[in-house]
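What follows is a single structure, written as C-alpha coordinates, with notes after it.
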Amino acid sequence: MRGGGVLKPAILGISGQVLTPDERALFLEHRPQGAILFSRNIENQAQLAELTAELKAVLPTGAVLMVDQEGGRVARLKPPHWPALPPAGSLRTLEEAFAHGRALGAMVREAGFTMTAAPVLDLRVPGASDVVGDRAITGDAATVAALGGEIARGIMAEGITPVMKHIPGHGRALVDSHVSLPSVPELTDDDLLPFIRNKHLPWAMTAHVVYQSIDPARPGTLSPVVIREIIRGRIGFTGTLVSDDLAMGALTGTPAERAVAALEAGCDVALYCPGDMAGNRAVLEALA
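So this is what it looks like as C-alpha coordinates:
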(Lines of atoms letter the chains of each structure in order from A and count residues from 1; the text may use other names and numbers.)
(Lines give C-alpha, C1' and ligand atoms only; values in the text may rest on other atoms or scores of the structure.)
Protein backbone atom coordinates (compact mmCIF):
# COMPACT_ATOMS: atom_id res chain seq x y z
CA MET A 1 0.00 0.00 0.00
CA ARG A 2 1.13 3.56 -0.71
CA GLY A 3 2.17 6.17 1.82
CA GLY A 4 0.18 7.73 4.65
CA GLY A 5 -2.06 10.77 4.82
CA VAL A 6 -5.76 11.46 4.89
CA LEU A 7 -8.02 8.73 3.48
CA LYS A 8 -11.42 9.56 2.03
CA PRO A 9 -14.08 7.71 4.04
CA ALA A 10 -15.33 5.40 1.29
CA ILE A 11 -14.97 1.72 0.48
CA LEU A 12 -15.66 1.09 -3.19
CA GLY A 13 -16.29 -1.79 -5.55
CA ILE A 14 -14.46 -2.22 -8.84
CA SER A 15 -15.83 -3.28 -12.19
CA GLY A 16 -14.10 -6.53 -13.10
CA GLN A 17 -11.33 -9.06 -12.59
CA VAL A 18 -8.52 -6.58 -13.24
CA LEU A 19 -8.05 -3.01 -12.07
CA THR A 20 -8.63 -0.72 -15.04
CA PRO A 21 -6.31 2.23 -15.75
CA ASP A 22 -9.15 4.63 -14.86
CA GLU A 23 -9.79 2.86 -11.55
CA ARG A 24 -6.09 2.89 -10.73
CA ALA A 25 -5.84 6.62 -11.46
CA LEU A 26 -8.98 7.38 -9.43
CA PHE A 27 -7.77 5.47 -6.38
CA LEU A 28 -4.34 7.08 -6.56
CA GLU A 29 -5.86 10.54 -6.83
CA HIS A 30 -8.57 10.26 -4.19
CA ARG A 31 -7.16 7.71 -1.70
CA PRO A 32 -10.28 5.80 -0.61
CA GLN A 33 -10.36 3.97 2.69
CA GLY A 34 -10.64 0.65 0.92
CA ALA A 35 -12.05 -1.60 -1.76
CA ILE A 36 -14.57 -4.43 -1.67
CA LEU A 37 -14.68 -7.39 -4.06
CA PHE A 38 -17.59 -9.54 -5.21
CA SER A 39 -18.11 -12.60 -7.40
CA ARG A 40 -17.73 -10.50 -10.56
CA ASN A 41 -14.17 -9.73 -9.49
CA ILE A 42 -13.09 -13.28 -8.66
CA GLU A 43 -12.27 -16.17 -11.01
CA ASN A 44 -9.67 -18.31 -9.24
CA GLN A 45 -6.76 -18.09 -6.81
CA ALA A 46 -4.15 -16.95 -9.32
CA GLN A 47 -6.28 -14.17 -10.78
CA LEU A 48 -7.41 -13.02 -7.33
CA ALA A 49 -3.82 -12.94 -6.02
CA GLU A 50 -2.82 -10.63 -8.86
CA LEU A 51 -5.82 -8.37 -8.30
CA THR A 52 -5.40 -8.06 -4.52
CA ALA A 53 -1.68 -7.41 -4.93
CA GLU A 54 -2.40 -4.60 -7.37
CA LEU A 55 -5.08 -3.11 -5.12
CA LYS A 56 -2.74 -3.16 -2.14
CA ALA A 57 -0.11 -1.40 -4.24
CA VAL A 58 -2.57 1.33 -5.27
CA LEU A 59 -4.54 1.84 -2.06
CA PRO A 60 -3.05 4.09 0.64
CA THR A 61 -1.47 2.80 3.83
CA GLY A 62 -4.19 1.89 6.31
CA ALA A 63 -6.79 1.07 3.66
CA VAL A 64 -8.82 -2.13 3.95
CA LEU A 65 -9.54 -4.85 1.42
CA MET A 66 -13.01 -6.23 2.17
CA VAL A 67 -15.01 -9.19 0.93
CA ASP A 68 -18.67 -9.94 1.66
CA GLN A 69 -18.11 -13.52 2.83
CA GLU A 70 -20.29 -15.14 5.49
CA GLY A 71 -20.71 -18.77 4.45
CA GLY A 72 -23.87 -20.30 3.07
CA ARG A 73 -25.45 -18.29 0.26
CA VAL A 74 -23.35 -15.19 0.91
CA ALA A 75 -20.04 -16.40 -0.50
CA ARG A 76 -17.82 -14.71 -3.06
CA LEU A 77 -15.05 -17.26 -2.60
CA LYS A 78 -16.75 -20.41 -3.92
CA PRO A 79 -16.12 -24.01 -4.91
CA PRO A 80 -14.32 -25.47 -6.74
CA HIS A 81 -11.54 -23.03 -5.89
CA TRP A 82 -12.50 -22.46 -2.25
CA PRO A 83 -14.38 -24.73 0.18
CA ALA A 84 -18.06 -24.13 0.91
CA LEU A 85 -18.84 -23.05 4.46
CA PRO A 86 -22.29 -23.61 5.99
CA PRO A 87 -24.72 -20.79 6.77
CA ALA A 88 -24.60 -19.35 10.25
CA GLY A 89 -28.12 -20.71 10.82
CA SER A 90 -26.71 -24.25 10.89
CA LEU A 91 -24.40 -23.56 13.86
CA ARG A 92 -25.48 -24.91 17.24
CA THR A 93 -22.61 -24.65 19.71
CA LEU A 94 -19.97 -22.15 20.75
CA GLU A 95 -17.29 -24.51 19.49
CA GLU A 96 -18.93 -24.79 16.07
CA ALA A 97 -19.27 -21.01 15.85
CA PHE A 98 -15.62 -20.39 16.74
CA ALA A 99 -14.45 -23.03 14.25
CA HIS A 100 -16.66 -21.46 11.58
CA GLY A 101 -15.11 -18.07 12.28
CA ARG A 102 -11.59 -19.46 12.09
CA ALA A 103 -12.29 -21.27 8.82
CA LEU A 104 -13.87 -18.12 7.39
CA GLY A 105 -11.03 -15.91 8.58
CA ALA A 106 -8.35 -18.25 7.24
CA MET A 107 -10.03 -18.46 3.83
CA VAL A 108 -10.35 -14.69 3.60
CA ARG A 109 -6.78 -14.07 4.79
CA GLU A 110 -5.26 -16.60 2.40
CA ALA A 111 -7.21 -14.98 -0.46
CA GLY A 112 -5.52 -11.64 0.26
CA PHE A 113 -8.25 -9.75 2.16
CA THR A 114 -8.03 -7.92 5.47
CA MET A 115 -11.73 -7.70 6.36
CA THR A 116 -14.95 -9.70 5.94
CA ALA A 117 -18.54 -8.54 6.33
CA ALA A 118 -19.53 -11.05 9.03
CA PRO A 119 -20.97 -12.07 11.44
CA VAL A 120 -24.69 -11.41 10.97
CA LEU A 121 -26.20 -10.54 14.37
CA ASP A 122 -29.76 -10.04 13.13
CA LEU A 123 -32.47 -12.26 14.57
CA ARG A 124 -34.27 -14.84 12.47
CA VAL A 125 -37.90 -13.71 12.73
CA PRO A 126 -40.76 -15.89 11.44
CA GLY A 127 -42.62 -14.24 8.56
CA ALA A 128 -39.89 -11.71 7.82
CA SER A 129 -38.13 -11.35 4.47
CA ASP A 130 -35.77 -14.21 3.70
CA VAL A 131 -33.06 -11.66 2.82
CA VAL A 132 -31.72 -12.59 6.28
CA GLY A 133 -33.17 -16.08 6.72
CA ASP A 134 -30.49 -18.67 7.50
CA ARG A 135 -27.82 -15.99 7.43
CA ALA A 136 -29.08 -15.35 10.97
CA ILE A 137 -28.00 -17.84 13.63
CA THR A 138 -31.44 -18.22 15.24
CA GLY A 139 -34.33 -16.22 16.66
CA ASP A 140 -33.05 -16.36 20.25
CA ALA A 141 -31.22 -13.16 21.05
CA ALA A 142 -28.88 -14.56 23.70
CA THR A 143 -27.82 -17.40 21.40
CA VAL A 144 -27.22 -14.99 18.52
CA ALA A 145 -25.12 -12.82 20.83
CA ALA A 146 -23.02 -15.73 22.09
CA LEU A 147 -22.49 -17.63 18.84
CA GLY A 148 -22.08 -14.44 16.81
CA GLY A 149 -19.40 -13.33 19.22
CA GLU A 150 -17.60 -16.63 18.78
CA ILE A 151 -17.73 -16.31 14.98
CA ALA A 152 -16.14 -12.87 15.31
CA ARG A 153 -13.53 -14.19 17.74
CA GLY A 154 -12.61 -16.94 15.28
CA ILE A 155 -12.31 -14.45 12.42
CA MET A 156 -10.04 -12.21 14.50
CA ALA A 157 -7.91 -15.20 15.54
CA GLU A 158 -6.90 -15.41 11.87
CA GLY A 159 -5.89 -11.74 11.77
CA ILE A 160 -9.00 -10.59 9.88
CA THR A 161 -11.29 -7.73 10.91
CA PRO A 162 -14.95 -8.77 11.28
CA VAL A 163 -17.82 -6.41 10.47
CA MET A 164 -20.95 -7.23 12.45
CA LYS A 165 -24.23 -6.52 10.70
CA HIS A 166 -26.81 -5.11 10.33
CA ILE A 167 -26.84 -2.76 13.31
CA PRO A 168 -29.27 -2.01 14.99
CA GLY A 169 -31.25 -4.92 13.48
CA HIS A 170 -32.58 -6.08 10.11
CA GLY A 171 -34.33 -9.25 11.21
CA ARG A 172 -37.89 -7.86 11.36
CA ALA A 173 -37.84 -6.37 7.85
CA LEU A 174 -40.68 -7.68 5.68
CA VAL A 175 -39.05 -6.68 2.38
CA ASP A 176 -35.55 -7.05 0.96
CA SER A 177 -33.61 -3.81 1.34
CA HIS A 178 -31.68 -4.64 -1.82
CA VAL A 179 -34.96 -3.97 -3.63
CA SER A 180 -37.05 -1.57 -1.54
CA LEU A 181 -37.07 0.22 1.81
CA PRO A 182 -38.23 -1.86 4.80
CA SER A 183 -40.12 -0.19 7.61
CA VAL A 184 -40.71 -1.79 11.00
CA PRO A 185 -42.77 -0.43 13.91
CA GLU A 186 -40.03 -0.65 16.51
CA LEU A 187 -36.83 -2.22 17.72
CA THR A 188 -37.08 -4.61 20.65
CA ASP A 189 -34.59 -5.33 23.41
CA ASP A 190 -34.01 -8.69 21.73
CA ASP A 191 -33.02 -7.00 18.46
CA LEU A 192 -30.42 -4.92 20.28
CA LEU A 193 -29.02 -7.57 22.64
CA PRO A 194 -26.61 -9.28 20.19
CA PHE A 195 -25.11 -5.91 19.27
CA ILE A 196 -24.90 -4.75 22.89
CA ARG A 197 -23.03 -7.90 23.91
CA ASN A 198 -20.65 -7.49 20.96
CA LYS A 199 -20.28 -3.71 21.12
CA HIS A 200 -16.52 -4.13 21.62
CA LEU A 201 -16.06 -5.37 18.04
CA PRO A 202 -14.07 -2.99 15.82
CA TRP A 203 -16.51 -2.51 12.90
CA ALA A 204 -20.27 -2.62 12.36
CA MET A 205 -22.47 -2.22 9.26
CA THR A 206 -25.75 -0.31 9.31
CA ALA A 207 -29.23 -1.43 8.25
CA HIS A 208 -31.27 0.27 5.52
CA VAL A 209 -34.43 -0.04 7.64
CA VAL A 210 -36.87 2.61 8.90
CA TYR A 211 -37.63 2.20 12.61
CA GLN A 212 -40.95 4.01 12.88
CA SER A 213 -40.88 4.61 16.63
CA ILE A 214 -37.40 6.18 16.44
CA ASP A 215 -37.18 8.03 13.11
CA PRO A 216 -40.17 7.48 10.79
CA ALA A 217 -38.63 9.60 8.02
CA ARG A 218 -35.19 8.04 7.47
CA PRO A 219 -33.63 4.57 7.37
CA GLY A 220 -31.06 3.77 10.03
CA THR A 221 -28.12 4.34 7.69
CA LEU A 222 -29.22 7.93 7.05
CA SER A 223 -30.70 8.73 10.46
CA PRO A 224 -28.73 10.85 12.94
CA VAL A 225 -31.30 9.86 15.56
CA VAL A 226 -30.84 6.10 15.06
CA ILE A 227 -27.06 6.39 14.96
CA ARG A 228 -26.74 8.77 17.91
CA GLU A 229 -29.44 7.45 20.24
CA ILE A 230 -29.50 3.73 19.40
CA ILE A 231 -26.19 2.64 17.85
CA ARG A 232 -23.88 4.93 19.80
CA GLY A 233 -26.25 5.37 22.76
CA ARG A 234 -28.27 2.30 23.81
CA ILE A 235 -25.99 -0.21 22.12
CA GLY A 236 -22.83 1.66 23.09
CA PHE A 237 -20.89 0.84 19.92
CA THR A 238 -17.76 2.99 19.69
CA GLY A 239 -16.00 1.37 16.71
CA THR A 240 -16.03 2.19 13.01
CA LEU A 241 -19.53 2.39 11.55
CA VAL A 242 -19.77 1.60 7.83
CA SER A 243 -22.95 1.95 5.80
CA ASP A 244 -24.51 -1.01 4.06
CA ASP A 245 -24.15 -0.76 0.27
CA LEU A 246 -25.44 2.68 -0.70
CA ALA A 247 -26.45 1.44 -4.16
CA MET A 248 -29.23 -0.74 -2.75
CA GLY A 249 -32.84 -0.18 -3.79
CA ALA A 250 -33.87 0.88 -0.28
CA LEU A 251 -32.29 4.31 -0.82
CA THR A 252 -32.91 7.18 -3.21
CA GLY A 253 -30.76 9.98 -4.61
CA THR A 254 -27.49 10.01 -6.50
CA PRO A 255 -24.50 8.01 -5.24
CA ALA A 256 -22.88 11.23 -4.03
CA GLU A 257 -26.04 12.35 -2.22
CA ARG A 258 -26.38 8.99 -0.51
CA ALA A 259 -22.73 8.97 0.60
CA VAL A 260 -22.86 12.49 1.99
CA ALA A 261 -26.13 11.78 3.81
CA ALA A 262 -24.71 8.63 5.42
CA LEU A 263 -21.66 10.46 6.70
CA GLU A 264 -23.67 13.45 7.89
CA ALA A 265 -25.95 11.06 9.80
CA GLY A 266 -22.97 9.64 11.68
CA CYS A 267 -21.53 6.80 9.60
CA ASP A 268 -17.75 6.82 9.55
CA VAL A 269 -17.39 5.18 6.12
CA ALA A 270 -19.61 5.10 3.02
CA LEU A 271 -19.79 1.73 1.24
CA TYR A 272 -20.59 1.86 -2.49
CA CYS A 273 -20.34 -1.53 -4.15
CA PRO A 274 -21.40 -1.62 -7.86
CA GLY A 275 -17.98 -0.71 -9.22
CA ASP A 276 -19.24 1.77 -11.83
CA MET A 277 -16.68 4.42 -12.60
CA ALA A 278 -19.14 7.33 -12.62
CA GLY A 279 -20.55 6.41 -9.23
CA ASN A 280 -17.14 5.81 -7.67
CA ARG A 281 -15.86 9.15 -8.90
CA ALA A 282 -18.98 10.99 -7.75
CA VAL A 283 -18.74 9.49 -4.26
CA LEU A 284 -15.05 10.28 -3.87
CA GLU A 285 -15.37 13.83 -5.20
CA ALA A 286 -18.28 14.52 -2.84
CA LEU A 287 -16.36 13.51 0.27
CA ALA A 288 -14.09 16.09 1.84
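Just so you know, we're using the working numbering here: the sequence shown kicks off at 11 and counts up by one.
C-beta atoms are modelled at their ideal positions from N, C-alpha and C, and glycine is treated no differently.
Quick check on this structure: which residue in the options has the alpha carbon closest to the alpha carbon of residue i?
i	options	result
Phe123	Ala107, Val77 and Ala146	Val77
Val220	Leu261, Val118 and Phe205	Leu261
Leu87	Leu75, Leu104 and Val118	Val118
Asp80	Thr71, Pro89, Glu53 and His110	With the sequence shown as reference, residue 80 is identified as Glu, and Asp is not the correct amino acid for it. Taking only the C-alpha atoms, the option nearest Glu80 is His110.
Pro129	Ala162, Leu101, Gly276 and Thr264	Ala162
Leu61	Gly26, Ala151, Pro172 and Thr248	Gly26
Phe205	Arg182, Met174 and Ala94	Met174
Ser355	Val28, Val293 and Gly164	The structure shown has nothing for residue 355, since the chain only spans 11 to 298.
Val74	Val142, Met125, Pro90 and His40	Met125
Ala35	Gln55, Leu65 and Leu47	Leu65
For residue i, which three-state DSSP category applies?
i	result
His91	coil
Met258	coil
Val194	strand
Ala167	helix
Ala1	Residue 1 lies beyond the range of the chain shown here (11 to 298); nothing can be said about it.
Val219	coil
Ile245	coil
Val279	strand
Roughly how far, in whole angstroms, is the beta-carbon of residue i from the beta-carbon of residue j, given that I think they are within contact range, below 8 Å?
i	j	result
Gly179	Leu133	7 Å
Leu251	Pro19	Going by Cβ atoms, the distance from Leu251 to Pro19 rounds to 10 Å, so no, they are not a contact pair.
Ala98	Gly82	7 Å
Asn51	Ile21	No, Asn51 and Ile21 are not in contact; Cβ-Cβ is about 14 Å, not under 8 Å.
If you draw a straight line from the alpha carbon of residue i to that of residue j, how long is it in whole angstroms?
i	j	result
Leu191	Ala280	18 Å
Asp200	Trp92	35 Å
Asp225	Thr231	11 Å
Gly263	Leu256	10 Å
Val235	Ala275	8 Å
Pro31	Asp186	35 Å
Taking only heavy atoms of the ligand FMN into account, decide whether any of them is closer than 6 Å to the Cβ of residue i.
i	result
Arg41	By its list of ligands, the structure shown contains no ligand whatsoever, and the ligand FMN lies outside what it can speak to.
DSSP beta-bridge partners for residue i?
i	result
Leu47	Val77
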